[in-house]
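Here is the structure we will look at.
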Amino acid sequence: MTLSAADFAFVAGLVRRESAIVLTPGKEYLVEARLLPVARQAGAASVAEFLAGLQRRPDPTANRSVVDALTTNETSWFRDREPFTALTDVVLPELVTSRAPTRSLRIWSAACSSGQEPYSLAITLQQALPAGWRYHITGTDISTEMIKRASAGEFSQVEVNRGLPVQQLVHHFTRSGTGWKVTPALRENITFQQLNLTAPLPSMAPFDVIFLRNVLIYFDVETKRSVLRSVSRLLRPDGWLFLGAAETTIGVDESFERVAIGRTSAYRPRVQVPAGALGKG
Amino acid sequence: MHAIVIDDSRAMRLILRRIVGQLGFEVSDAEDGRAALDLLAGMETVPNLALVDWNMPNMNGLEFVTAAREDERLRDMTLVMVTTESEQSHIVRALAAGAHEYVIKPFTSEAMIEKLALLGLVPTGANS
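Top line first, the protein sequences correspond to chains A and B. Using our numbering, the first residue of the first sequence is number 1, and each one after it goes up by one. Using our numbering, the first residue of the second sequence is number 282, and each one after it goes up by one.
Next comes the structure, spelled out in structure tokens:
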């Protein structure tokens, strides 16, 4: 689904004219990934279709959306904060009770990009879990390039400025050239692998918590439904699913119920009541 | 809410004034730590936030943070270092002296706002 050279040149020209930011070749993946939600919102089936329309019929509002999508929001640590607060305040205390026999948790960061989310999860778990507990985090992304970056655990100065409390920076990172590298202690409980959520998923042991944030927005309703269905098979029956702030299972997959936690929401598999238990009348 | 920006670069003072000004802070500024302490001594109420450069003439940022932490009157002021000093040892020294946060230059306004949000100094929704 990589962008054609002509489409990339069109976008790069537009962004340079409107923002003076230069998109160098090699950023095709970034352009495609950032523009997909914009294209979907405009009713186009793909980024290529959206850009073809824009080239035929210039539209200042759409131009602005393209420029905004490409010039803001590099991934933050503890992005949106509330899901991490919910994890610490509600989800982990409950899991510490229910998983006491095994003292072990499995977490999936299902669209981990360059790794800020799984590393933020690891920091949260290290702080919140009682001594003697183990955890494992699986970080997956559709981009092999992103998985390579996440796996290396190296971040630029600009990246570590984004939402990472400085105490966490000095505790979990060491200087590496002009940037920072996560410590082996933080890295060791995380496995990274390339994974396409819209293809059949590999077999994995079920997870206690799944972070599937800001990824459903890229899909049409049918694909959302199919992704939620396959993800739910990998979530334990009493597990927790976190979506992005603008995403919901409501109207897409009714096998989940929404649970409000503070200023955010999580989703849990609905308890399946066996037909015989309903009784008559 | 009131902030004081302490930096010997006029350009940096303007940038920081604009960022925290947009968040609704009333902003004062000083060009080094000594000037800031003098300014603070004359203020009726102490600012909620100080954004402090490290390398400045007369009194540097680390000395200012140390002095501010020793001053009972300035106890409630949140101290954020904003500096090009990016070595781990510098950060650790600043935290040990009493800084609450540390922003490394260059930074984006989003990064600064996120740091202030971590400290509970951004009204809900202002950083979205």
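Every residue, glycine too, gets a C-beta built ideally from N, C-alpha and C. Here the structure is a predicted model, which means the values were calculated and not measured.
- For chain B, none of the residues of the region 102 to 117 of chain A brings a beta carbon within less than 7 angstroms of one of its beta carbons.
- The Cβ-Cβ distance between N196(A) and I142(A) falls below 7 angstroms.
- For L92(A), the secondary structure class from DSSP, reduced to helix, strand or coil, is helix.
- According to DSSP, residue pairing for E307(B) in a beta bridge involves H283(B).
- Among the residues facing chain B, V31(A) is not included, as its CB has no counterpart in that chain under 7 angstroms away.
- Interface criterion not met: the Cβ of P83(A) is under 7 angstroms from no Cβ in chain B.
- Classified as buried, Q116(A) has 16 or more neighbouring CB atoms from the shown chains inside 10 Å of its CB.
- Secondary structure note for V346(B): its alpha helix (DSSP H) is the uninterrupted segment G342 to E351.
- Counting the other Cβ atoms within 10 Å of the Cβ of P184(A) gives fewer than 16, which makes it exposed.
- The C-beta distance from P206(A) to S232(A) rounds to 10 angstroms, too long to meet the 8 angstroms contact threshold.
- Taking a contact as a CB-CB distance under 8 angstroms, the pair V373(B) and L332(B) does not count as one, their CB atoms being some 20 angstroms apart.
- Proximity of Q157(A) to chain B, defined by a Cβ-Cβ separation below 7 angstroms, is satisfied.
- Within the region 213 to 240 of chain A, contact with chain B at the beta-carbon level (separation under 7 angstroms) is assigned to no residue.
- Within the region 22 to 76 of chain A, not a single complete beta strand (DSSP E) segment reaches 3 residues in length.
- At the C-beta level, E325(B) and D289(B) stay beyond 7 angstroms of one another.
- In this structure, I190(A) places its C-beta atom within 7 angstroms of the C-beta atom of P118(A).
- For the region 103 to 165 of chain A, the full-length alpha helix (DSSP H) segments reaching 4 residues or more read 116 to 128, 144 to 152 and 157 to 160 along the chain.
- Beyond the five residues adjoining it in sequence on each side, N336(B) comes within less than 8 angstroms, by CB distance, of D289, G342, T364, T365 and E366 in the same chain, given in chain order.
- The beta-carbon of V373(B) is placed less than 7 angstroms from the nearest beta-carbon of chain A.
- Considering only G132(A), L164(A) and W108(A), the residue with the shortest C-alpha distance to G239(A) is W108(A).
- Residues of chain B whose Cβ lies closer than 8 angstroms to the Cβ of R187(A) do not exist; the shortest such Cβ separation is about 17 angstroms.
- Taking each of E28(A), S255(A), R106(A) and T61(A) in turn and checking the Cα distance to S4(A), the smallest one comes out for E28(A).
- Considering only T174(A), Q167(A) and T138(A), the residue with the shortest C-alpha distance to F155(A) is T174(A).
- Taking C-beta atoms as the reference points, G379(B) and V346(B) count as a pair closer than 7 angstroms.
- Residue contact check for L304(B) against chain A: no CB pair falls below 7 angstroms.
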